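In my numbering, the protein residues as written are 1457 to 1846.
In what follows, a structure is listed as structure tokens, so that the remarks can point back to it.
So, in structure tokens, the structure goes:
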């Protein structure tokens, strides 16, 4: 097997026919994202200097269409003509860029020797020690690199042919249970790795050991922290503002610590069996909340209960499509606690608002409606006729 480094975190691997057949067989296994072995990073290899556009402001109007795979850079560049704002960072002075690159390397190490070189109890609490990151990095290289790329920018070689893989570098994630911060708990990341994301190219890695999934979650956290410090520093430099990456790192670590210690999801109420009188009343109340003509109502984005969604731009400058609740599959999972977290905390990365003013009971009512919406037999007659008109 011959390995050639192509730059910007990309590798070309030439393999024998026998190895190719073996790897092809492994790809067919559930939870396997590719070959189970990967070349070690060269010890002198550094993370690539970020050169792609920064998304500074999103267009105010809804997106006209969903994204085309393989055209991420073109579609982000087009945001400027649609009322958004992006910044090209290649024009920064060599001195400013050099100072930041030196900080990033000194603080976060290299792909072969990842670290977060600060004195902080948070690093230990979040299991981001050198030992954890070294093992997590090896797993990431085997299972995640081909889509999410070396720096976690979502621009891996496989990512060019599928809907855009997640770019971790703004430190934001969509499906979290920690409230409005956009930062996931460790358990949120572990679950996404274990179960994948329904109806997307993100597969389940359920065949990995529990400890391996935890190490992967830690390494993704590391890439997100590094990426956010870089992103916010570049944004400040592009605007001619002072930049203190050390202070930014401290603030970012505090955000992750806060997410990890966020209150748990409230206990689910007992509404009796699905389809029973008490459950149907909860569904009916949830339907009324869903369709209420108020600010930030559900139906304002999930038109016709998701059959006619309003396309939105997300913080990465790509297009997000609100869920269709008449379908059986929800990308983020359909467990009651999953839906509760989406309603209560929103999905800030895609502009879905949080609903802090709703009581827990009201949120659970919305959960009952959303989870019953795909099943006609679970809907009260008046709700059924509204969701599925003849």
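All C-beta atoms in this analysis are idealised placements derived from N, C-alpha and C, irrespective of residue type, glycine included.
All figures in this text were calculated on a predicted structure; none of them were measured in a lab.
Check	Outcome
Going by beta-carbon coordinates alone, are residue 1710 and residue 1640 separated by less than 8 angstroms?	no
Quick check: the Cα distance between residue 1787 and residue 1518, rounded to an integer number of angstroms?	21 angstroms
Does DSSP classify residue 1541 as helix, strand or coil?	strand
Are the beta-carbon atoms of residue 1795 and residue 1823 separated by less than 8 angstroms?	yes
Using DSSP bridges, identify the partner residues of residue 1550.	Answer by DSSP bridge pairing: none, since residue 1550 is not bridged.
Between which two residues does the alpha helix (DSSP H) holding residue 1594 run?	1586-1599
Would residue 1828 be called buried (16 or more neighbouring beta carbons within 10 Å of its own) or exposed?	buried
The alpha helix (DSSP H) with residue 1510 in it runs from where to where?	Per DSSP, residue 1510 belongs to no alpha helix (DSSP H); it is in the beta strand (DSSP E), 1510-1513.
What did DSSP end up calling residue 1675 once you bin it into helix, strand or coil?	helix
In angstroms, rounded to a whole number, what distance separates the CA positions of residue 1841 and residue 1760?	12 angstroms
For a minimum of 4 consecutive residues, which ranges assigned as the alpha helix (DSSP H) are wholly contained in the region 1755-1835?	1792-1801 and 1816-1828
Give the range of the alpha helix (DSSP H) segment to which residue 1642 is assigned.	1642-1651
Residues bridged to residue 1570 by DSSP?	1565
Could you check how far apart the C-beta atoms of residue 1502 and residue 1561 are, in whole angstroms? I think they sit under 8 angstroms.	6 angstroms
Residue 1730 and residue 1834 - do their beta-carbons sit closer together than 8 angstroms?	yes
Of all the CB atoms in chain B, is at least one closer than 8 angstroms to the CB of residue 1665?	Considering every chain present, this structure includes no chain B. It has just one protein chain.
Starting from residue 1529, follow the alpha helix (DSSP H) in both directions and report where the run begins and ends.	1528-1533
Excluding the 5 residues flanking residue 1532 on each side, which residues of the same chain have their C-beta closer than 7 angstroms to its C-beta?	1509, 1511, 1542 and 1773
For residue 1793, I'd like the list of residues in its chain whose CB is within less than 8 angstroms of its CB, leaving aside the five on either flank, ordered along the chain.	1633, 1721 and 1724
Helix, strand or coil for residue 1654 per DSSP?	coil
From residue 1668 to residue 1580, what distance separates their C-alpha atoms?	18 angstroms
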